[in-house]
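In full-length UniProt numbering, the protein residues as written are 1 to 529.
Okay, structure first, notes after.
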Amino acid sequence: MGVLWFGGQIYTLENEGEAVDAVYTEKDAIKAVGTYESIHKQFDKQIEHEINLQGKTMLPGFVDSHLHIIGHGEKLLRLDLSQMKSASDVKAALKGRVAQLAEGEWLIGEGWNENQWDDPVIIHKSELDAICPDNPMMLTRVCRHALLANSKAMELAGVDNTTPDPDSGIIVRDEQGEATGYFHDAAQDIIKGMMPEVTGSYLENVIKIAVNDLVSKGLVGGHTEDLFYYGGFKKTLDAYYRAIHTSNKFKAHLLVHHEVMDELFAANLGFRSGTEYVELGAIKIFSDGALGGRTAWLSQSYCDDPENRGVPMHTKADLEGLVAKARSRDLPVAIHAIGDQALEEVIAVIEKYPIQGEKRDRIIHGQILNESTLQRLKCLPVVVDIQPTFVASDFPWVIERIGYQRLPLAYAWKTLLDNHIRCAGGSDAPVEQVDPLLGIEAAVRRQSTFDGNIYNGAEQISVFEAVHLYTTGSSYAIGRESSRGFIKENYKADFTILEEDIFQVKEDQIHAIQIAMTVIDGDIVYSRM
Numbered sequence: 001m002g003v004l005w006f007g008g009q010i011y012t013l014e015n016e017g018e019a020v021d022a023v024y025t026e027k028d029a030i031k032a033v034g035t036y037e038s039i040h041k042q043f044d045k046q047i048e049h050e051i052n053l054q055g056k057t058m059l060p061g062f063v064d065s066h067l068h069i070i071g072h073g074e075k076l077l078r079l080d081l082s083q084m085k086s087a088s089d090v091k092a093a094l095k096g097r098v099a100q101l102a103e104g105e106w107l108i109g110e111g112w113n114e115n116q117w118d119d120p121v122i123i124h125k126s127e128l129d130a131i132c133p134d135n136p137m138m139l140t141r142v143c144r145h146a147l148l149a150n151s152k153a154m155e156l157a158g159v160d161n162t163t164p165d166p167d168s169g170i171i172v173r174d175e176q177g178e179a180t181g182y183f184h185d186a187a188q189d190i191i192k193g194m195m196p197e198v199t200g201s202y203l204e205n206v207i208k209i210a211v212n213d214l215v216s217k218g219l220v221g222g223h224t225e226d227l228f229y230y231g232g233f234k235k236t237l238d239a240y241y242r243a244i245h246t247s248n249k250f251k252a253h254l255l256v257h258h259e260v261m262d263e264l265f266a267a268n269l270g271f272r273s274g275t276e277y278v279e280l281g282a283i284k285i286f287s288d289g290a291l292g293g294r295t296a297w298l299s300q301s302y303c304d305d306p307e308n309r310g311v312p313m314h315t316k317a318d319l320e321g322l323v324a325k326a327r328s329r330d331l332p333v334a335i336h337a338i339g340d341q342a343l344e345e346v347i348a349v350i351e352k353y354p355i356q357g358e359k360r361d362r363i364i365h366g367q368i369l370n371e372s373t374l375q376r377l378k379c380l381p382v383v384v385d386i387q388p389t390f391v392a393s394d395f396p397w398v399i400e401r402i403g404y405q406r407l408p409l410a411y412a413w414k415t416l417l418d419n420h421i422r423c424a425g426g427s428d429a430p431v432e433q434v435d436p437l438l439g440i441e442a443a444v445r446r447q448s449t450f451d452g453n454i455y456n457g458a459e460q461i462s463v464f465e466a467v468h469l470y471t472t473g474s475s476y477a478i479g480r481e482s483s484r485g486f487i488k489e490n491y492k493a494d495f496t497i498l499e500e501d502i503f504q505v506k507e508d509q510i511h512a513i514q515i516a517m518t519v520i521d522g523d524i525v526y527s528r529m
């Protein structure tokens, strides 16, 4: 017995503009697509229920190819600083939260971004101390590659002016050598290591909060990376199993941080181990930092910091060792690489240790290309996980970092697609807003949210191409393109149903389309209808 869906625009995504009148599903699968009459005639005795879309638009279910589900849930729970327009706004929000703290409780804020402030000066620990001298404070930058801490948090962590920088991290100091409370990349772990350990029930609750929000945004799944940061591999994986199998359906594909690779091996788990709704993915490795904190590894110096080319997270030998270790268990890798020098190093090691079979390696971000990396990428069976909303949030300030000479191959989504390099679309939430419609509009328009200007318009892609990033692109990245990402026979009954036709609305109104319904394996998990 099954369900007949009809009465709207149903786009298969197999070809641009291709639509059908109706879809028939049984349990978790699509059994037929075609006209209402033909399906009704073929399955008349099996149709148990009919759903009239009332003119709405059905697409294959959106999947975010790169986010941090627990981090997104925590952002919904914690003090959100991402929309603050000045340091004064941030400090006012912190003052309001201090009054709510219990003795010894940490004040945690998420998402501050000095690049959207009128005066982009990093807040000093002394300013934080004036607001909150007695409770430890940690404020994570929007990129999650840097944080601010007050003196109480630094005291608990044993950080003073003589504490050396850790490998792949920076403790920022002023001209007098005083630690300012600003920590980059691996240095963040010094502060984070002093925070109270989270419980399994806390993680389960945060995942549920995040998933409820994700399905309301039209997402049927997400590729997330959380398994190292919250008390260990097993604890976090178990929380995912409990949260998703006891609440809404959601297809969570979990990348495995290289620091917990041994735990993965000890548990005798591998690629796609798990269940229909919680499965393990590639080994996640960081090769560099981020552009905002000038730690992304570039082949040439930062234009606004001529002595700096960024921070490699591993030596060449160590990076090779991690990839070789993954290959010893036939595992693909997903490597964070933002700068073009980082990308060069990543490509070299993937070339040296090619993946076997139909599994695919992934390059996460790939924001700064050069001609060499572009040509070499064309020859590799890799997927580039791109985050289109970075264009909207990073311009124009990123031009100060990289200069105009590197702009043609920066955030070059159209160039990647035109060179037949497969791409998948994500948000990197909580770094960016998780809404896939924002990502689709950003990929199509490339308009800055700061000044309204279009940047590198030659890299704009079509709406059809942008929708593919979040459907077929995400499914291809994990080798599921034969069962997910299209509306066609024998594919999963995963649908995102929109109030308006995304291919007909004005491009600057894509973000305003409302989600009418989210369907996972034939079950309605969110509905406004």
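Every residue gets a Cβ at the ideal spot worked out from N, C-alpha and C, and that includes glycine.
Excluding five sequence positions before and after Thr295, the CB atoms of its chain that fall closer than 7 angstroms to its own CB belong to His145, His184, Asp185, Asp288, Gly289, Gly310 and Val311, given in chain order. The way I'd put it, the stretch 37 to 50 doesn't touch the stretch 472 to 479; fewer than three beta-carbon pairs between them come closer than 8 angstroms. Of all alpha-carbon atoms in Ile209, Tyr202, Gly221 and Gly222, the one lying nearest the alpha-carbon of Asp238 is that of Tyr202.
For Arg445, the closest alpha carbon among the candidates Pro430, Phe395, Cys423 and Ser483 is that of Phe395. A Cβ-Cβ separation of about 5 angstroms places Glu178 in contact with Asn161 under the 8 angstroms criterion. Under DSSP, Ser527 shares a beta bridge with Met517. Inter-residue distance for Leu437 and Gly425 is about 11 angstroms (C-alpha atoms, whole angstroms).
Annotation for Glu465: Leu417 place their beta carbon closer than 7 angstroms to its own, counting only its chain and skipping 5 residues before and after. Every unbroken stretch of the beta strand (DSSP E) spanning 3 or more residues and falling wholly within the stretch 206 to 292 is given here in chain order: 219 to 225, 251 to 257 and 278 to 286. The residue from Glu204, Pro133 and Val346 with its alpha-carbon nearest to that of Lys235 is Glu204. Under the criterion of beta carbons closer than 8 angstroms, Leu81 and Ala210 do not qualify as touching, at roughly 18 angstroms. By the neighbour-count definition (other C-beta atoms within 10 Å, threshold 16), Gly104 is an exposed residue.
By the C-beta density criterion, Ile123 is buried, having at least 16 other C-beta atoms within 10 angstroms.
When DSSP states are grouped into helix, strand and coil, Gln9 belongs to the strand group. For the stretch 406 to 490, the full-length alpha helix (DSSP H) segments reaching 4 residues or more read 413 to 418, 436 to 445, 463 to 469 and 472 to 477 along the chain. Within the same chain, and ignoring the five residues on either side of Leu377 in sequence, the residues whose Cβ sits closer than 6 angstroms to its Cβ are Ile421. The residues Leu374, Leu377 and Lys378, in chain order, have a CB closer than 8 angstroms to that of Asn419 in the same chain once the five nearest residues on each side in sequence are set aside. For Gly274, same chain residues with a beta-carbon under 6 angstroms away, outside a window of 5 residues either side, are Leu280 in chain order.
Shown here, Asn52 sits in a strand according to DSSP, grouped into three states.
The way I'd put it, the stretch 181 to 200 doesn't touch the stretch 497 to 508; fewer than three beta-carbon pairs between them come closer than 8 angstroms. Cβ contact annotation for Pro120 (same chain, cutoff 7 angstroms, sequence separation greater than five): Glu114, in chain order.
The three-state reading of DSSP puts Leu331 in coil, since its state is none of H, G, I, E or B. Assignment of beta-bridge partners to Gly34 by DSSP yields Ala22.
Relative to Ser448, the option among Thr389, Pro166 and Tyr526 whose CA is nearest is Thr389. Rounded to whole angstroms, Cys303 and Ala410 show a C-alpha spacing of 14 angstroms. Gly485 has its alpha-carbon roughly 14 angstroms from the corresponding atom of Glu16. Secondary structure note for Leu77: it is in no beta strand (DSSP E), and the uninterrupted alpha helix (DSSP H) holding it is Ile69 to Leu77. Residue pairing by DSSP places Leu4 opposite Tyr24 and Glu50 in a beta bridge. For Glu110, DSSP records a beta bridge to Asp80 and Thr140.
Taking the CA atoms as reference points, Phe450 sits about 41 angstroms from Ala326. Here Ser216 really is in contact with Ile515; their C-beta atoms are around 7 angstroms apart, less than 8 angstroms. By the neighbour-count criterion, in which 16 or more other beta carbons inside 10 Å mark a residue as buried, Glu400 falls on the exposed side.
The stretch 25 to 34 and the stretch 452 to 466 do not touch, with fewer than 3 CB-CB distances between them shorter than 8 angstroms. The beta-bridge partner set that DSSP reports for Phe62 consists of Leu219. Bridge pairing for Val383: Arg362 and Arg422 [DSSP]. The DSSP-derived three-state label of Ala146 is strand.
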